[in-house]
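Report on the structure given below.
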Amino acid sequence: MSDWQKEQHEGTADRNMPPGGIVPTDQMNEESGTKAAISVHEDEGDEQLKPYRQEQRAAADKTANTGIPSNLDDVLERLRNEVGFGTSFDVVVREMTFGDRRTAMFFMNGLAQSALLTDIIKRLTYLQPDELSGHAFQSFFDLYVPASQVSPETDWNKMLTRVLAGDTAFFIDKESSALIIDAKNFPQRGPEEPSLERVVRGSRDGFTETLMVNISLVRRRVRDPQLRYELMQVGERTQSDVCIAYIDDLVDKELLKSIKDKISLVHLDGLPLADKQLEEATVQRGWNPYPLVRYSERPDVVAAHLLEGAVTVFVDTSPSVMILPTTFFDLVQHAEENRQTPFIGTYLRWVRFLGIGASLFLLPIWLLFVLHPELKPPALEFLGPEKTGMLPLVIQFLLVEVGVDLLRMASVHTPTSLATAMSLVAAIMIGDIAVQTGLFINEVILYMAIAAIGMFATPSYELGLANRIVRLILIVSVAAFQVPGFMIASTAVMLMLCLQRSFNRPYMWPLIPFDFKAMWNIIVRQPVLKNRTRPNLLRAQQRDKMPRRDNQK
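When we follow my numbering, the leftmost residue of the sequence shown carries the number 68, and every step to the right adds one.
See the structure below:
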């Protein structure tokens, strides 16, 4: 016990001493019992707090080891223990002496530009001992490392994260800091047109798996100084780069803060599946099949949403970008509609809406008319099969649905050279023979093909899959309960969609709540010069897309 503690203890004892300095016997016994009880409770408390104190000590040890050792040998030893230097073949440490000062370059083989590092080493070989003053680290940083992006780092963990992300760490003996050299060289493919968002007219570039390439494609289209890219790391082990993009003087600040808070609260080992895992961790939609996030692989689509005031989220190693918030009607629009004239764009949009509606309701309504012929209007008397086949209609529909899913999955895993053969097998050997043997009827195959085409015409792949699940629910409801089943199931699905919210925005906007102008812009593809305001849903700071000039006001 220190002298100060002794004084405090004696002072406390003096304050608690009764007048005369004599403590009665009964008080002494009472205090002894109290102290014994306190001692027992303290022992029990120590046992309960033991795991917590161990965690505190571990955290304290971890904090104490976050600094970069000044001894280069200690640095190499930590690299052996923590990164696997000497065990993992891709962990590279290049030791050299420049101007009588030991140095080491630490990088990951395959993630660093060898040519740039070689140029740096060539420049440093000309150093003489008298050129390095007592401040060797500052001399290297200011004068001798010829790289465009160099920054000092004193935290060991941050240094490891940056090196594992592709940077290079430059250690100097007797210095407790490291120079981080941006010499990234990721394996990457060139930008290609996305297979899910093809257009007849328009750009052919698309996002890749490299974050820097993706943000450059958007920056090329939005040359606005207010465009912001904020970088975050998510994942305890993977430290995946997540970039939040927005235009500062357009975006709703509350929306931006909500997205940042949700991403910062994600605690996972990592994001090996990139944006899809991040979506599940932030949106948390549970078992709802409908997507609450829109994905796009086209830089022009992402740029257009940024200019409207939306927030986009890039995740490294993913060619898809999340657009937040989104609505059901955002998911049924395609870039091709805006690449054609307003009249043709409106026509294409209506045809797409018709296909999506057919994919949802054609089969259940047809089955309902077959079960209740009296419901058919006179103009549709021709509907209905002449014979029902060997299997009940609902079983036929379910089998065909599963068959279409199997074909879709098989087409994904089938090599391109065998795709034609698989199509022939599906069309002739399965479809035609199944009808001839009486297992299926022609009408089931016909209407299922129309519904499948409508599903494939849905711009959002996730929305098409969700509509398929709803179609199955409607078919089963009609088969089980006829008209009441169809009405109850349709109403339940509609209520579910109306109650959904995407980052505190109504999912069925502008239908519910109703916004006439926004709904008209969805039904009719407006000319560019007529569409002068941003959507109310995004609550942008500036409503006008094209502010009027003074002489036009």
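Yeah, the Cβ is synthetic: ideal placement off N, Cα and C, and Gly gets one too.
Bear in mind that the values here come from a model prediction, so they are computed numbers and not experimental data.
Confirm, please, whether the CB-CB distance from Ala171 to Tyr158 is below 9 Å.
Looking at the sequence provided, one finds Val at residue 158 rather than Tyr. Going by C-beta atoms, Val158 is not nearer than 9 Å to Ala171.
Quiz item: Roughly how many whole angstroms lie between the Cα atoms of Lys324 and Arg229?
Solution: 26 Å
Query - Helix, strand or coil at Met515 according to DSSP, with G and I counted as helix - result: Reduced to three states, the DSSP call for Met515 is helix.
Just checking, does the region 351-361 make contact with the region 285-301 on the three C-beta pairs under 8 Å criterion? With the cut-off at 8 Å, the region 351-361 and the region 285-301 do not touch.
Worksheet entry | Helix, strand or coil at Gln503 [DSSP, three-state] | helix
**Asked** So, are the CB atoms of Met575 and Phe395 less than 9 Å apart?
**Response** yes
Let me know if Gln609 comes out buried or exposed under the rule of 16 or more other beta-carbons within 10 Å of its beta-carbon. exposed
*asked:* Could you compute how far the alpha carbon of Ala232 sits from the alpha carbon of Ile135?
replied: About 18 Å.
| Three or more beta-carbon pairs under 8 Å between the region 337-344 and the region 566-586, yes or no? | Remark: fewer than three beta-carbon pairs, one from each stretch, lie closer than 8 Å, so the region 337-344 and the region 566-586 are not flagged as touching.
**Prompt:** Hey, would you say Arg599 sits closer than 9 Å to Leu317, going by beta carbons?
**Reply:** no
| task | Buried or exposed for Phe274, please, with buried defined as at least 16 other CB atoms from any protein chain shown within 10 angstroms of its CB. | result | buried
Check: What is the DSSP secondary structure of Ala585, reduced to helix, strand or coil?
Finding: helix
Do you know how far the Cα of Asp319 is from the Cα of Leu465? Across the structure, Leu465 and Asp319 are spaced so that their CA atoms are roughly 45 Å apart.
Can you tell me which of Phe207, Gly166, Gln205, Ile188 puts its alpha carbon nearest to the alpha carbon of Leu194?
Gly166
### Message
Could you give the first and the last residue of the continuous beta strand (DSSP E) run that contains Arg63?
### Response
Lying before the first or after the last residue shown, residue 63 is absent from the chain, which here runs from 68 to 620.
Problem - Spatial distance of Glu198 from Arg147 (CA atoms) - result: Their Cα atoms are separated by approximately 32 Å.
Check your understanding: Going straight from the alpha carbon of His372 to that of Pro392, what length do you get?
Key -> 10 Å
*With a threshold of 16 other CB atoms inside 10 Å of the CB of Asn138, please say whether the residue is buried or exposed.*
exposed
Subject >> Boundaries (first-last residue) of the beta strand (DSSP E) holding Ser331 >> reply: Not the beta strand (DSSP E): Ser331 falls in the alpha helix (DSSP H), residues 320-331.
With the cut-off set at 9 Å, would you say Arg419 and Val388 are in Cβ contact? no
Legend entry - Beta-carbon proximity list for Trp433, same chain, < 7 Å, skipping 5 on both sides: The residues are Leu450, Tyr514.
query: In whole angstroms, what is the alpha-carbon distance linking Leu116 and Asp186?
result: With a pLDDT of 49 at Leu116, under the threshold of 50, the modelled position of this residue cannot be trusted; read the value that follows with caution. Answer to the nearest angstrom: the Cα atoms are 56 Å apart.
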